[in-house]
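Enquirer: The sequence shown begins at 863 in this note's numbering and counts up one residue at a time.
C-beta atoms are modelled at their ideal positions from N, C-alpha and C, and glycine is treated no differently.
Since the model is a prediction, treat every value here as computed from it, not as a measurement.
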Amino acid sequence: MPATHHLLLCPSSAPIPLSLLGLEMSAAVGSFTALVPQPATRRRVAWATRCSVAGSVAAASPILKNLHLKCATPLPVLRHIADAMAADMRAGLAADGASDLKMILSYVDSLPTGNEKGLFYALDLGGTNFRVLRVQLGGKDNRVVDTEFEQVSIPQELMHGSTEELFDFIASGLARFVAKEGEKFRLPQGRKREIGFTFSFPVKQTSIDSGILIKWTKGFAVSGTAGKDVVACLNEALKRQGMDMRVSALVNDAVGTLAGARYWDDDVMVAVILGTGTNACYIEHMDAIPKLQDLTTGSGKTIINTEWGAFSTGLPLTEFDKDMDKESINPGEQIFEKTISGMYLGEIVRRVLLKMAEVSALFGDYVPDKLSVPFVLRTPDLCAMHQDDSEDLEAVDLILNDTVGVTRSSPDARKIVAEVCDTIVKRGGRLAGAGIVGILQKMEQDSKGLIFGKRTVVAMDGGLYEHYPQYRKYLKESVTELLGSEASKNVIIEHTKDGSGIGAALLAAINSKYSTEV
Ligand code: BGC
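(1) Return yes when at least one heavy atom of the ligand BGC lies under 7 Å from the C-beta of GLU1098, else no.
(2) Please classify LEU1207 as buried or exposed, where buried requires at least 16 other C-beta atoms within 10 Å of its C-beta.
(3) Could you tell me whether any non-hydrogen atom of the ligand BGC is closer than 7 Å to the CB of LYS1066?
(4) Specify the secondary structure class of LEU1136 as computed by DSSP and reduced to three states.
(5) Taking the continuous beta strand (DSSP E) assigned at ASP1243, which residues delimit it?
(6) Go through its chain and collect everything with a Cβ distance to GLY1160's Cβ below 8 Å, but skip five positions before and after it.
(7) Answer yes or no: the CB of ASN1114 versus the heavy atoms of the ligand BGC, is any distance below 7 Å?
(8) Note down the Cα distance separating GLU1043 from LEU985, rounded to an integer number of angstroms.
(9) Note down, in chain order, each residue of its chain lying with its Cβ closer than 6 Å to the Cβ of ASP1030, except the 5 sequence neighbours on either side.
(10) Report yes if the CB atom of ASN1097 is closer than 8 Å to the CB atom of CYS1143, and no otherwise.
(11) Should PRO938 be labelled buried (16 or more other beta-carbon atoms within 10 Å of its own) or exposed?
(12) Quick one: does the C-beta of GLN1196 sit closer than 7 Å to a heavy atom of the ligand BGC?
(13) If you draw a straight line from the alpha carbon of GLY1290 to that of LEU1179, how long is it in whole angstroms?
(14) Among residues of its own chain, excluding the 5 on either side of ILE1191, which ones have a beta-carbon nearer than 6 Å to its beta-carbon?
(15) With DSSP as the reference, label GLY1363 as helix, strand or coil.
(16) Name the one or two DSSP bridge partners that VAL1130 has.
(17) Note the first and the last residue of the continuous alpha helix (DSSP H) segment covering GLY1035.
(18) Please return the same chain residues whose Cβ sits closer than 8 Å to the Cβ of ILE1354, not counting the five positions on each side in sequence.
(19) What does the alpha-carbon distance come out to for the pair GLY1023 and GLY1118?
(20) Could you check what DSSP says for PRO1017 in three-state terms: helix, strand or coil?
(21) Give, in chain order, every unbroken run of the alpha helix (DSSP H) that is at least 4 residues long and sits entirely within the segment 972-1004.
(22) Expressed to the nearest angstrom, what Euclidean distance is found between the alpha-carbon atoms of TYR1336 and ASN977?
(23) If you run the structure through DSSP and keep just helix, strand and coil, what is THR1388?
(24) Compute every distance between the C-beta of SER1062 and the non-hydrogen atoms of the ligand BGC, then say whether any falls below 7 Å.
(25) Under the assumption that GLU1010 contacts ARG993 (Cβ atoms under 8 Å), give the Cβ distance between them as a whole number of angstroms.
(26) Please classify ARG1102 as buried or exposed, where buried requires at least 16 neighbouring CB atoms within 10 angstroms.
(27) I'd like to know whether the C-beta atoms of ASP958 and LYS1090 end up nearer to each other than 8 Å.
(28) If distances are taken between C-alpha atoms only, which option among ILE1016, VAL1341, GLU1281 and GLY1324 comes closest to CYS933?
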């Protein structure tokens, strides 16, 4: 191999840097968000002393065959998943605890109209990064007059630290950002700055501006937050920073995405997040929520946060999924999320490759040490390998070397690796598509013709969907297979990048303490 180890050779032999393919990864597990330079040299690896059962690469074939079988998602399986999603939604709307799906009331009953005006902030804590944003809203004619944002990655230790440490970190980031507010942003005299707080974890909302964290997901294990009102935690931290701001709306990222997309398009009915984690929300009629019959809203509608990451009915799972779940920090929970979202796809593939390397000579006679490190292979790595259409899969070779320390891989071994990636990603994308159809199906059953009989938009956000073309393709294919070509023409899956920030600010505007004064 020549010295240009981080380059992929194209057929004309002109080297293509992987970065040009948009395939480099951020440091965070499964996150596609930031592009960081990768070392240009091929690292030497330490071989494990443990010997694998010597054999040919072909000995990996039965594992691959079995994987194909177990991960298969033919139409009847997709149908079953879509139906189960719809049924679990109904059960979750009927009573708390009756379904994997929590079907949480968002307390959002007015959606943005375009008339919102003023300066609002949004604070977004959802995964590996947190973002702060300010937006000057100009009403119907001027819409978003100006917006600025900053993004900070969350140090790994804070994801396992104390509640105060995490919220102090967020509040101090917000304080620094507010201090940079320029003159183009205008806050009327005598008003506090108001925030829409996007908190992308399962929260039992108690009002539009308060809610109790049910549990952490996506690898967060911050002590002392579960069971607490996260707005109160933020307010205390803001106070410690000496900041006088008001949280006007607490929203899930899916809910923020729906609100943000609806600002521009009245046909948006559903929002889905496919990133580090996954979730979906949709617009529901209050009278279709038996567990909330005592509540009424002006519009008669609300947004329901399904928390579909917890869905589990009928999923085609393998021993690799089951082992990953058992060893996770939340065993038995978030099974759909663990099957389809960015945090986990790379880890499932790593587990398959490890098993293959142990029972065959997939990577030679030894199992590379790094292949045994949980989460070392990330979904952006899979994505990069998946884009390699060179005959000898040279990018696959490089990525295997860089990420799991495979010093030599034969073209046959690389093909097997590429197939494993494809199998896991295909299953994920197709199941996500079936989940979306399940939600639409439930809505259509309740309001005949109002979903499939007209243009219906599913607002989509998240790095997995945005950056993984094959995943996107599989998802869309599954939606079309399930709905048929006619109905699926009316269903538009629209990527609304970072819509949840503006959405949260809009919801802060709608629920502003000063709203009657605007
Ligand atoms: C959380 C959801 C969130 C989703 C996407 C999941 O792990 O439970 O609340 O919306 O990730 O960020």
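Expert: Let me lay it out:
(1) In the sequence shown, counting from the first residue as 1, residue 1098 sits at position 236. Incorrect: GLU1098 has no Cβ contact closer than 7 Å to the ligand BGC.
(2) For the purposes of this step, residue 1207 is identified with residue 345 of the sequence shown, where counting begins at 1. Buried is the call here.
(3) Position 204 of the sequence shown, counted from the first residue, corresponds to residue 1066. Not under cutoff, so the answer is no.
(4) For the purposes of this step, residue 1136 is taken as residue 274 along the sequence shown, with counting starting at 1. LEU1136 falls in the strand class under three-state DSSP.
(5) Locating residue 1243 in the sequence shown gives position 381, where the first residue counts as 1. Looking at the DSSP string, ASP1243 is not in any beta strand (DSSP E); the run it does join, the alpha helix (DSSP H), is 1241-1248.
(6) Position 298 of the sequence shown, counted from the start, is the residue given in the question as residue 1160. So the qualifying residues of the chain are ASP971 and SER972.
(7) Taking the first residue of the sequence shown as 1, we reach residue 1114 at position 252. Result yes, Cβ under 7 Å from the ligand BGC.
(8) Walking along the sequence shown from the start, residue 1043 turns up at place 181. Walking along the sequence shown from the start, residue 985 turns up at place 123. Each residue's alpha carbon lies about 15 Å from the other.
(9) Reading the sequence shown from its first residue, position 168 is the one you call residue 1030. So the qualifying residues of the chain are ALA1099.
(10) Reading the sequence shown from its first residue, position 235 is the one you call residue 1097. Reading the sequence shown from its first residue, position 281 is the one you call residue 1143. No. Outside cutoff.
(11) Here the question's residue 938 lines up with position 76 in the sequence shown. So PRO938 ends up on the exposed side.
(12) Start at 1 with the first residue of the sequence shown, and residue 1196 comes out as number 334. GLN1196: yes, Cβ under 7 Å from the ligand BGC.
(13) Translated into positions along the sequence shown, residue 1290 becomes position 428. Translated into positions along the sequence shown, residue 1179 becomes position 317. Approximately 11 Å, taken between the alpha carbons.
(14) The residue you call residue 1191 lines up with position 329 of the sequence shown. Here the set comprises ALA1083.
(15) Numbered from its first residue, the sequence shown carries residue 1363 at position 501. Looking at GLY1363 - three-state DSSP - the assignment turns out to be helix.
(16) Counted from its first residue, the sequence shown places residue 1130 at position 268. In DSSP, VAL1130 forms a bridge with VAL1319.
(17) Indexing the sequence shown from 1 puts residue 1035 at position 173. Note, GLY1035: alpha helix (DSSP H), 1025-1041.
(18) Mapped onto the sequence shown, residue 1354 falls at position 492. If we look at ILE1354 and ignore the five residues flanking it on each side, its Cβ neighbours are ASP1129, ARG1317, THR1318, VAL1319 and VAL1320.
(19) The residue given as residue 1023 occupies position 161 in the sequence shown. The residue given as residue 1118 occupies position 256 in the sequence shown. Each residue's alpha carbon lies about 27 Å from the other.
(20) As a first step, residue 1017 must be located in the sequence shown, where it is residue number 155. Residue state, collapsed to three classes: coil.
(21) 1001-1004
(22) Here residue 1336 is taken as the residue at index 474 of the sequence shown, counted from 1. Here residue 977 is taken as the residue at index 115 of the sequence shown, counted from 1. One C-alpha to the other measures close to 38 Å.
(23) Nothing about residue 1388 can be read from this structure; the chain reaches only from 863 to 1380.
(24) The residue you call residue 1062 lines up with position 200 of the sequence shown. Correct: SER1062 has its Cβ closer than 7 Å to the ligand BGC.
(25) Sequence index remark: in the sequence shown, residue 1010 carries index 148 (1-based). Sequence index remark: in the sequence shown, residue 993 carries index 131 (1-based). That belief does not hold up - the Cβ atoms of GLU1010 and ARG993 are roughly 11 Å apart, past 8 Å.
(26) The residue you call residue 1102 lines up with position 240 of the sequence shown. By the 10 Å Cβ count, ARG1102 comes out exposed.
(27) In the sequence shown, counting from the first residue as 1, residue 958 sits at position 96. In the sequence shown, counting from the first residue as 1, residue 1090 sits at position 228. No, the Cβ-Cβ distance between ASP958 and LYS1090 is not below 8 Å.
(28) Numbered from its first residue, the sequence shown carries residue 933 at position 71. Residue GLU1281 is the option with its Cα nearest to CYS933.
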